[in-house]
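What follows is a short report on a single structure.
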Amino acid sequence: MDINKKIQAASHSGASLRVIQKDQTYFVEKSITSAIEKNYLGIKKQHKFQTIKTPSFDILAIPTVQIEKSEHKLTILMPYIDGLGGERVAYRGSKTVAKNLKIALDFYLLNSISKSE
């Protein structure tokens, strides 16, 4: 199966995904034609997300290289990272990884709350 078909099959958002090459670098181009405003707000959050460091994990968002929005289409360009999108990273985990991530997030949230009081 070609890489574009694999990436498209893994998409749960209904967006059109394809791998493109620019200057020896591979990118994933994500095109969205419905719920543009909602998806635009989501991708802006992803773009602004700052890494959260916990004792066990670094939690980060897949970076965005370019965001183009028109009335009928939203196009996002992201680096092609070892063929993995966010949903594939979650699938490669295990119950132990999920439990450890939960503990790390709980620690981070409790620590953030205690610092804000």
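Positions in the sequence shown are counted from 1; adding 323 to them yields the numbering used here. Ideal Cβ placement from N, Cα and C applies to all residues, glycine included.
Where residue i sits in the DSSP three-state scheme
| i | result |
| --- | --- |
| Q331 | helix |
| E360 | helix |
| G409 | Because G409 sits at a pLDDT of 49, beneath the cut-off of 50, its placement in the model cannot be relied upon, and the following sentence gives the value as read from the coordinates. Three-state DSSP puts G409 in a helix. |
| D325 | coil |
Beta-ladder partner(s) of residue i, from DSSP
| i | result |
| --- | --- |
| S336 | Beta-bridge pairing links S336 to no other residue. |
| S354 | S339 and T398 |
| Q347 | Bridge partners of Q347: none, in fact. |
| Q389 | L400 |
| I375 | I382 |
Reference residue i, options the options, closest by Cα
| i | options | result |
| --- | --- | --- |
| I441 | P386, E360 and Y403 | The chain is shown from 324 up to 440; residue 441 falls before or after that span and cannot be answered. |
| H395 | Q344, T419 and I355 | I355 |
| Q389 | L428, Q369, D381 and Q373 | Q369 |
| A421 | S439, T387, I382 and K392 | I382 |
| I366 | K418, S339, E391 and I343 | E391 |
Would you check if there are 3 or more beta carbon pairs closer than 8 Å linking the stretch 424 to 435 to the stretch 367 to 386?
-> At 8 Å Cβ cutoff, the stretches touch.
Determine contact between the stretch 385 to 403 and the stretch 344 to 355, defined as no fewer than three beta-carbon pairs at a distance below 8 Å.
-> Yes, since at least three Cβ pairs between the stretch 385 to 403 and the stretch 344 to 355 fall closer than 8 Å, the two stretches touch.
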